[in-house]
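Numbering (our numbering), first residue to last: 1241 to 1718.
A short worksheet on the structure shown next.
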Amino acid sequence: MAAPAFNLLQSQKQTLKISPSQIQLLNFLQLNSLELEQYIKNELEENPLLEERQNDEQDGEANDAEFSSSAQAEDRTQDYMDWDEFSNDDLPDYRTRIDHGSDDDKLYTPVVVETTDWRSELKEQFHLLPFSEKQLQLTDFLIDSLTDQGYLPASVSTLADDVSFTTGVFVEEEDVHFLVDCLRKMEPIGLGARDLKDCLLMQLAREKSPVAGVASWLVDDLFEEVAARNYDKIMRMSGLQQHELKEAIALISTLRPYPIVDGGSSSAMVMKETIVPDYIITVENEAIEVGLNTRGIPPLKVNTDYAKSVGTSRSAASYVNSKISAAQWLIEAILQREATMLKTMRTIVNLQRAYFLTGDVRHLKPMVLRDIAERIKMDVSTISRTTSGKYAQTPFGIIHLKDLFTEGVKTDNGEEVSNRQIQSALVALVGQEDKSQPLNDTQLTELLAQQGYSLARRTIAKYRDLLDIPSATMRRIL
């Protein structure tokens, strides 16, 4: 029996493979200024071959070797370096020895505010009362059973069963009921409320005006109609005059819907959110300059002296080579990141020149990530990483780059405008409406059509939701 024949064919084909260093560089592009500053600090601590380069150091042979690869790169942020050097030209020499500069030149760290969890504070208040040890354990359980908004939706019988099962000690409903009543008398008003209706009634119970009685009756008996703002129906059912209903509704609108605001965070330290712009855009006459904000990002170099001081053993040489490679990669990655960011932002400014000159949203043109990618010959994912989570400081304030990318909508005359322009027109219409008879989505659609924006009603509703504009019913006031 003859052996089977095998046909071996050799072919060539091209495949795209991304090296780990390229993947790391793509992730590096996504870092904003604060994240990059922290990343560099970590690298300076972990890599002894990496150190900050002083401003007065001359670039010798070692630095030439470090930045030899950057000389071949295109657009290596020379404009930014010139701007940084120019900004320090007028500084006297004594500024390098003694701090005689303005307070505006100082860098401040974000303010760290020490806070205490509201549940812990509430437990401390209960522990100051003359309660027994068993009662204090029950109050701790009740406080832990509160929602982050301060509600206590569970019934007394359910709470009694839960605490009995948890502690293994039988608890009477009367004991739980007594402690719940104590909880409902604590500050802020509304703690321990079952729901929104109960929370409003607890606040109105402490009001001593005649209007509070009417408001309590409306919340208790006509809560659904009050929530839906069916004022005509409320006046027919209650017999109230318009001015009486208006006073009661005004009082209800001053009440808090939740006893606790932002109660979901239980951390002991809360850091205030600070937006640090990644780009600095200056406008002078008709010229627009784009720069990078690198005040917290120091220039880096390889510590050649440390490399020479390490022994010549194989393990020492391997360690030094790995750290030198990591330091050189970081220096090159920072330069490449800066070049890519500058190239991207300059292209955005060229496309949105009218917007950056005036700051008027109506001059914002439709633009998507692909428009920038095609102009600078890069992938869309690279542009996405370069602009994601980035902010730009402009003469008219700090803007989020994400807000510059908008879809286009064609008007009746065939012109394509940004949907931000339509949203601005929508906000203007809502701001000018009669609040006693607010415009519904159909009416808004008709008025926008008169301005040349022919859109579907559901599109108007979507824009209204994006702008946090309530429906016509919820915008109505007496």
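Think of the CB as a built atom: it goes at the ideal place given N, C-alpha and C, for glycine as much as any other residue.
Which stretch, first to last residue, makes up the alpha helix (DSSP H) that contains residue i?
{"i": "Glu1285", "result": "1273-1286"}
{"i": "Leu1575", "result": "1554-1591"}
{"i": "Lys1486", "result": "1482-1493"}
{"i": "Met1475", "result": "1471-1478"}
{"i": "Met1442", "result": "1436-1444"}
{"i": "Arg1704", "result": "1697-1706"}
{"i": "Ser1621", "result": "1620-1627"}
{"i": "Val1466", "result": "1463-1468"}
Excluding sequence positions up to five away, which residues of its chain have a Cβ less than 7 Å from the Cβ of residue i?
{"i": "Ser1628", "result": "Gln1270"}
{"i": "Thr1646", "result": "Leu1604, Pro1606, Met1607, Ser1658, Asn1659, Arg1660"}
{"i": "Ala1712", "result": "Pro1678, Leu1679, Asn1680"}
{"i": "Ala1287", "result": "Contrary to the premise, residue 1287 reads as Asn rather than Ala in this sequence. Within the same chain, Asn1287 has close Cβ partners Lys1563, Ala1566, Ala1567."}
{"i": "Lys1486", "result": "Leu1718"}
{"i": "Lys1548", "result": "none"}
{"i": "Asn1272", "result": "Asp1518, Gly1629, Lys1630"}
{"i": "Lys1473", "result": "Glu1465"}
{"i": "Ile1620", "result": "Sequence inspection shows Val at residue 1620; the Ile mentioned does not correspond to that position. If we look at Val1620 and ignore the five residues flanking it on each side, its Cβ neighbours are Leu1609, Arg1610, Ala1613."}
For residue i, name the three-state secondary structure that DSSP assigns.
{"i": "Glu1524", "result": "strand"}
{"i": "Val1649", "result": "strand"}
{"i": "Gly1390", "result": "coil"}
{"i": "Met1714", "result": "helix"}
{"i": "Val1396", "result": "helix"}
{"i": "Val1732", "result": "Nothing about residue 1732 can be read from this structure; the chain reaches only from 1241 to 1718."}
{"i": "Glu1373", "result": "helix"}
{"i": "Glu1673", "result": "coil"}
{"i": "Gly1453", "result": "helix"}
{"i": "Glu1427", "result": "coil"}
{"i": "Pro1607", "result": "Here residue 1607 turns out to be Met, not Pro, going by the sequence shown. If DSSP states are grouped into helix, strand and coil, Met1607 belongs with the strands."}
{"i": "Glu1291", "result": "strand"}
{"i": "Glu1686", "result": "helix"}
{"i": "Val1724", "result": "The first residue shown for the chain is 1241 and the last is 1718, placing residue 1724 beyond what the model contains."}
{"i": "Glu1529", "result": "strand"}
{"i": "Ala1433", "result": "coil"}
{"i": "Lys1548", "result": "helix"}
{"i": "Arg1234", "result": "This structure cannot settle anything about residue 1234, because the visible part of the chain is limited to 1241 through 1718."}
{"i": "Ile1612", "result": "helix"}
{"i": "Ser1664", "result": "helix"}
{"i": "Val1501", "result": "coil"}
{"i": "Thr1406", "result": "helix"}
{"i": "Gln1250", "result": "coil"}
Who does residue i pair with in a DSSP beta bridge?
{"i": "Leu1632", "result": "It is worth fixing the name first, because residue 1632 is Ala in this sequence and not Leu. Per DSSP, Tyr1519, Ile1639."}
{"i": "Ser1658", "result": "Gly1648"}
With respect to the beta strand (DSSP E) encompassing residue i, which residues constitute its N-terminal and C-terminal limits?
{"i": "Lys1541", "result": "1540-1542"}
{"i": "Leu1721", "result": "Not covered by the structure: residue 1721. The range shown for the chain is 1241 to 1718."}
Leaving aside the five residues before and after residue i along the sequence, list all residues of the same chain whose C-beta is less than 8 Å from its C-beta, in chain order.
{"i": "Glu1277", "result": "Gly1536, Ile1537"}
{"i": "Glu1301", "result": "Because the pLDDT at Glu1301 is just 41, under 50, the model does not fix this residue reliably, and the point stays unresolved."}
{"i": "Ser1397", "result": "Glu1413"}
{"i": "Asp1384", "result": "Arg1359"}
{"i": "Leu1347", "result": "Any reading at Leu1347 must be qualified, since the residue scores a pLDDT of 45, below 50, and its modelled position is unreliable; no value is offered."}
{"i": "Lys1281", "result": "none"}
{"i": "Glu1589", "result": "Just to set this straight, residue 1589 is Val in the shown sequence, not Glu. Cβ within range, chain order: Ile1521, Ile1528, Val1530, Phe1596."}
{"i": "Lys1363", "result": "Thr1379, Asp1380, Ile1383"}
{"i": "Gln1294", "result": "none"}
{"i": "Glu1526", "result": "Leu1597"}
Can you name, in chain order, every residue of its own chain whose Cβ lies under 6 Å from the Cβ of residue i, other than the five neighbours on each side?
{"i": "Leu1265", "result": "Ala1573"}
{"i": "Lys1253", "result": "none"}
{"i": "Ile1492", "result": "Ala1455"}
{"i": "Asp1681", "result": "Arg1697, Ile1700, Ala1701"}
{"i": "Trp1323", "result": "Any reading at Trp1323 needs caution, since the residue's pLDDT is 39, under 50, leaving its predicted position unreliable; the model's value is listed next. Gly1531, listed in sequence order."}
{"i": "Ala1452", "result": "Leu1444"}
{"i": "Asn1543", "result": "Leu1289, Glu1291"}
{"i": "Glu1529", "result": "Thr1522"}
{"i": "Arg1337", "result": "Low per-residue confidence applies at Arg1337: pLDDT is 38, beneath 50, and the placement is therefore not dependable, though the value from the model is reported in the following sentence. Same-chain partners within the cutoff: there are none."}
{"i": "Val1416", "result": "Val1396, Leu1399, Ala1400"}
{"i": "Leu1495", "result": "Leu1440, Gln1443"}
{"i": "Arg1715", "result": "Pro1678"}
{"i": "Gln1250", "result": "none"}
{"i": "Arg1616", "result": "Checking the sequence, you will find Ile at residue 1616 rather than Arg. Excluding sequence neighbours, Ile1616 sits near Lys1583, Thr1587."}
For the 8 Å Cβ check, are there 3 or more pairs between the stretch 1439-1455 and the stretch 1468-1477?
Taking 8 Å as the limit for Cβ pairs, the verdict is that the stretch 1468-1477 does not touch the stretch 1439-1455.
Do three or more CB pairs link the stretch 1591-1605 to the stretch 1631-1643 at distances below 8 Å?
Yes: the two stretches touch, three or more of their Cβ pairs being nearer than 8 Å.
Quick check: the stretch 1434-1442 against the stretch 1380-1397, are there 3 or more CB pairs under 8 Å?
Counting C-beta pairs with one atom in each stretch, the stretch 1434-1442 and the stretch 1380-1397 have three or more that are closer than 8 Å, which means they touch.
Check whether the stretch 1663-1670 touches the stretch 1683-1698, taking contact to mean three or more Cβ pairs, one atom from each stretch, closer than 8 Å.
Cβ pair count under 8 Å is three or more, so yes.
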